[in-house]
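The opening residue of the sequence shown carries number 298 in the numbering used here; numbering runs sequentially from there.
Read through the structure below, which is laid out as structure tokens, and then see the notes.
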Amino acid sequence: MPDDQPMAIRGLWGEIVDDRNVSVPLDEVYVHHWFLFYTTPDAGNELVGKLGTGAETRGTPIVSLTAPYAFTTAGKEKWWLNVHLLMLQNVTNVPACIQCLCAPDGRHGSFNCCPDGAHCRTTLDPFVTSTGTDAFDDPHHCPNCNSDPDAVFGPPTPGGFLARPAPKYYRVKYTVRYGCVSPIVRPVRANMIIDAVGGRHEWNVFPAEGCMKPSASHLAVAIKERRLGDSGHDDIADRCVDTKTATVLVNEDFHLIGVRAHMHIGAIDAVLAGISSNSSDTDDGIGIDWRCDMTAIYGCTPHKAGHEEGYVTSITQCHYHDGKGPMLRKGDRLQYTVRYRRDKHYGGVMGGGTLVGHFPADDGMSGVASTSWPFMNGQLSYL
């Protein structure tokens with residue numbers, strides 16, 4: 298980041314590249330997350346805030362704003378990069394690996410996913426039989442994973458293992474679009490987090506009988522038709538979709554400028570809605586004042602960066618840069634819903650949402666920057 302220079306950041310996006318600056322597809326290196334942490338002079342080395350994303354990074358900007366709104370900095374921050382990548386070459390069970398079923402302890406999900414010293418099972422590892430005690434597929438860590446032992450443990454190799462390939466080097470390539478901070482800039486807070494499971498962050502999605510065939514698009518149509526009153530697909534929408542919903546209370550007035558979601562493979566969509574004060578019935582759109590729909594977009598071309606087959610390559614966002622977004626008042630209720638397919642097991646999935654808001658009281662405050670507001674959930678409370 299530019300040193301000693303206040304910035305009005307209006308664009309921030311990035312991707313993983315190799316040492317030749319070539320884009321790396323997710324089916325070669327999976328992006329668990331990358332974060333830009335920042336510290337302020339009065340906070341010492343405490344990481345007071347962050348901007349981050351996951352595997353959808355290449356097609357989903359972390360910051361996407363237009364004037365007069367901006368994520369502002371004071372120019373005195375220190376910036377720290379945290380990157381978590383999973384190399385998938387020679388991995389015997391890629392779905393298990395990117396769901397963070399990693400040796401030696403078999404844990405999955407969270408920021409403990411495959412810590413330093415852990416790894417996914419590969420064809421280069423010493424052969425371990427499916428009757429062994431390899432924790433990689435321990436059912437105590439992943440009940441109902443439905444993993445195929447042959448896929449997990451792989452074929453035997455002469456001599457027990459193969460020579461490991463030469464190391465490869467990867468980098469985060471990121472772009473920042475910014476302008477000067479001026480009196481007309483309206484700083485936004487991009488630290489309001491809402492979670493579909495009330496702050497637990499992760500959950501497991503288990504398969505349902507008879508739900509192997511409906512695609513994500515088919516399920517999305519079924520959900521939409523049910524919302525519009527067509528009951529023809531009710532059974533599919535109910536039985537083959539895992540739905541998580543959280544309701545939050547707004548604690549401070551702010552103008553909603555944007556919403557983005559973070560979801561994993563298996564996701565269908567996420568919806569943020571304003572609940573009408575005149576109705577407590579919010580099922581399928583009844584009693585909803587406004588809604589923001591965010592859809593998981595999947596790639597369809599193997600090994601092509603940005604279009605990787607079967608991977609979430611982007612997630613649609615909601616932008617209200619024209620100032621016509623909802624003005625949220627203290628006491629308003631928001632409903633956040635995330636849906637996943639139930640065609641197979643998905644471990645450690647997430648359904649987080651980030652709200653970007655402009656607080657009128659922040660205008661004209663000399664020296665105040667977006668980075669001065671710590672990463673917290675104080676503006677929203679779970680009900």
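Glycine residues also receive a C-beta, built at the ideal position from the N, C-alpha and C atoms.
Please read all numbers here as calculations on a predicted model, not as lab measurements.
Original post:
Can Lys627 and Asn548 be called in contact, C-beta distance under 8 Å?
Top reply: The sequence position of residue 627 within the sequence shown is 330, counting from 1. The sequence position of residue 548 within the sequence shown is 251, counting from 1. Cβ atoms of Lys627 and Asn548: closer than 8 Å.
Original post:
Can you tell me the Cα-Cα spacing of Asp315 and Pro464, whole angstroms?
Top reply: In the sequence shown, the residue the question calls residue 315 occupies position 18. In the sequence shown, the residue the question calls residue 464 occupies position 167. Answer to the nearest angstrom: the Cα atoms are 12 Å apart.
Subject >> When Leu553, Thr592, Leu546, Val545 are compared against Val568, the one with the closest alpha-carbon >> reply: Here residue 568 refers to the residue found at position 271 of the sequence shown. Distances from the CA of Val568 to each of Leu553, Thr592, Leu546, Val545 were compared; the closest alpha carbon is that of Thr592.
Subject >> Stretch pair the region 385 to 394 + the region 357 to 375: three plus CB contacts closer than 8 Å >> reply: Too few Cβ pairs lie closer than 8 Å, so no.
**OP:** Spatial neighbours of Gly372 within its chain, please: CB distance less than 6 Å, with the 5 preceding and 5 following residues excluded, ordered by chain position.
**Re:** Within the sequence shown, numbered from 1, the residue matching residue 372 stands at position 75. Answer for Gly372: Asp301, Gln302, Pro303, listed in chain order.
Original post:
Among Thr420, Leu553, Gln396, Val538, which has the Cα closest to the Cα of Gly654?
Top reply: In the sequence shown, counting from the first residue as 1, residue 654 sits at position 357. Per the Cα distances, Leu553.
**OP:** Could you tell me which of Leu362, Pro338, Glu605, Phe503 sits nearest to Asp619, measuring between CA atoms?
**Re:** As a first step, residue 619 is located in the sequence shown; it is residue number 322 there, counting from the start. The shortest CA-to-CA distance from Asp619 to any of Leu362, Pro338, Glu605, Phe503 is the one to Leu362.
**OP:** Keeping to the same chain, check which residues put their C-beta closer than 6 Å to that of Gly429; ignore five residues upstream and five downstream.
**Re:** Against the sequence shown, residue 429 aligns to sequence position 132. Model confidence at Gly429 stands at a pLDDT of 41, short of 50, so the residue's coordinates are unreliable; what they give is reported in the following sentence. Answer for Gly429: no residue qualifies.
Subject >> Residue environment, Arg497, which counts as buried when at least 16 other CB atoms sit within 10 Å >> reply: As a working mapping, residue 497 is identified with position 200 in the sequence shown. Flag for Arg497 reads exposed.
Original post:
Looking only at its own chain, which residues have a Cβ that is under 6 Å from the Cβ of Phe551, when we skip the five neighbours before and after it?
Top reply: The residue you call residue 551 lines up with position 254 of the sequence shown. Contacts found: Leu625, Gly654, Phe656.
Original post:
Considering only residues of the same chain and omitting the five flanking positions on each side of Val326, which have a CB-CB separation below 8 Å?
Top reply: Residue numbering aside, residue 326 sits at position 29 when the sequence shown is read from its first letter. For Val326, where only same-chain residues beyond five positions count, the Cβ hits under 8 Å are Ile313, Leu382, Leu383, Met384, Leu385, Tyr467.
**OP:** Along the alpha helix (DSSP H) that carries Ala393, what are the first and last residues, could you check?
**Re:** Here residue 393 refers to the residue found at position 96 of the sequence shown. Run containing Ala393: 391 to 395, per the alpha helix (DSSP H) assignment.
**OP:** Flag Lys465 as yes when its Cβ comes closer than 7 Å to any non-hydrogen atom of the ligand ATP, and as no otherwise.
**Re:** Although the ligand ATP was asked about, the structure shown includes no ligands whatsoever.
**OP:** Would you check if the distance between the CB atom of Ala564 and the CB atom of Pro322 is smaller than 8 Å?
**Re:** For the purposes of this step, residue 564 is taken as residue 267 along the sequence shown, with counting starting at 1. For the purposes of this step, residue 322 is taken as residue 25 along the sequence shown, with counting starting at 1. Not in contact: Ala564 and Pro322 (Cβ atoms no closer than 8 Å).
Original post:
On the three-state DSSP scale, how would you describe Pro484?
Top reply: Mapped onto the sequence shown, residue 484 falls at position 187. Of the three classes helix, strand and coil, the one that applies to Pro484 here is strand, per DSSP.
Subject >> Helix, strand or coil at Glu289 according to DSSP, with G and I counted as helix >> reply: The structure shown has nothing for residue 289, since the chain only spans 298 to 680.
Subject >> Neighbourhood of Lys641 by C-beta distance below 6 Å, restricted to the same chain and skipping five residues each side >> reply: Here residue 641 refers to the residue found at position 344 of the sequence shown. Excluding sequence neighbours, Lys641 sits near Pro504.
Original post:
Exposed or buried, what is Gly507 when buried is set at 16 or more other beta-carbons lying within 10 Å of its beta-carbon?
Top reply: One-based indexing of the sequence shown puts residue 507 at position 210. Burial call: exposed.
**OP:** In the DSSP assignment, find the unbroken beta strand (DSSP E) run with Phe551 in it and report its ends.
**Re:** Stepping through the sequence shown from its first residue, residue 551 is reached at position 254. Per DSSP, Phe551 is one residue of the beta strand (DSSP E) stretching across 551 to 560.
Original post:
Got a sec? Which residues, its chain only, sit under 8 Å from Asn669 by beta carbon, not counting five neighbours each side?
Top reply: Translated into positions along the sequence shown, residue 669 becomes position 372. Per the sequence shown, residue 669 should be read as Ser rather than Asn. When the five nearest sequence neighbours on each side are left out, the beta carbons in the same chain lying within less than 8 Å of the beta carbon of Ser669 are those of Thr337, Ala371, in order along the chain.
**OP:** Look at Gln614 and Met489 and say whether their C-beta atoms are less than 8 Å apart.
**Re:** Mapped onto the sequence shown, residue 614 falls at position 317. Mapped onto the sequence shown, residue 489 falls at position 192. Not closer than 8 Å, so no.
Subject >> Contacts around Trp738, its chain only, beta-carbon distance under 6 Å, and the 5 residues preceding and following it disregarded >> reply: Missing from the structure shown is residue 738; the chain here goes from 298 to 680 and no further.
Original post:
From Thr696 to His559, what does the alpha carbon distance come to, in whole angstroms?
Top reply: Any property of residue 696 remains undetermined from this structure, which presents the chain solely from 298 to 680.
**OP:** Provide the residue(s) that pair with Arg626 in DSSP beta bridges, ordered along the chain.
**Re:** The residue labelled residue 626 in the question sits at position 329 within the sequence shown. None, per the DSSP bridge assignment.
Original post:
If you draw a straight line from the alpha carbon of Pro299 to that of Val360, how long is it in whole angstroms?
Top reply: The count along the sequence shown starts at 1 and reaches residue 299 at position 2. The count along the sequence shown starts at 1 and reaches residue 360 at position 63. The straight-line gap from Cα to Cα measures roughly 17 Å.
Original post:
Can you give the Cα-Cα distance for Tyr475 and Arg307, rounded to whole angstroms?
Top reply: Start at 1 with the first residue of the sequence shown, and residue 475 comes out as number 178. Start at 1 with the first residue of the sequence shown, and residue 307 comes out as number 10. Approximately 5 Å, taken between the alpha carbons.
**OP:** Determine the direct distance from the alpha carbon of Val478 to that of Gly356, and round the result to whole angstroms.
**Re:** As a working mapping, residue 356 is identified with position 59 in the sequence shown. As a working mapping, residue 478 is identified with position 181 in the sequence shown. Taking the straight line from one Cα to the other gives about 27 Å.
Original post:
From which residue to which residue does the beta strand (DSSP E) around Ser682 run?
Top reply: With the chain running from 298 to 680 in the structure shown, residue 682 is simply not present.
Subject >> Alpha-carbon to alpha-carbon, Val646 and His438 >> reply: Within the sequence shown, residue 438 is the residue found at index 141, counting from 1. Within the sequence shown, residue 646 is the residue found at index 349, counting from 1. Residue confidence for His438 is low, a pLDDT of 44 falling below 50, so the modelled location carries little weight and cannot support an answer.
Original post:
From the DSSP output, which residues share a beta bridge with Trp376?
Top reply: Residue numbering aside, residue 376 sits at position 79 when the sequence shown is read from its first letter. In DSSP, Trp376 forms a bridge with Tyr335.
Original post:
Out of Pro484, Val494, Val665, Arg536, which has the shortest C-alpha to C-alpha gap to Met509?
Top reply: If you number the sequence shown from 1, residue 509 lands on position 212. With distances taken between Cα atoms, Met509 lies closest to Arg536.
Original post:
Is the distance from the Cβ of Ile572 to the Cβ of Arg636 below 8 Å?
Top reply: Here residue 572 refers to the residue found at position 275 when the sequence shown is read from its first residue. Here residue 636 refers to the residue found at position 339 when the sequence shown is read from its first residue. Not in contact: Ile572 and Arg636 (Cβ atoms no closer than 8 Å).
Subject >> Secondary structure of Ala340, DSSP reduced to three states >> reply: The count along the sequence shown starts at 1 and reaches residue 340 at position 43. In this structure, DSSP gives Ala340 a helical state, which the three-state scheme calls helix.
Original post:
Are Gly648 and Val494 touching if we call contact CB-CB under 8 Å?
Top reply: In the sequence shown, residue 648 corresponds to position 351, counting from 1. In the sequence shown, residue 494 corresponds to position 197, counting from 1. Yes, the Cβ-Cβ distance between Gly648 and Val494 is below 8 Å.
Subject >> Counted within 10 angstroms of its Cβ, other Cβ atoms place His692 as buried (16 or more) or exposed >> reply: Here the chain covers residues 298 to 680 and nothing more, so residue 692 does not appear.
Original post:
Are the beta-carbon atoms of Arg483 and Asp339 separated by less than 8 Å?
Top reply: Here the question's residue 483 lines up with position 186 in the sequence shown. Here the question's residue 339 lines up with position 42 in the sequence shown. No, they are not a contact pair.
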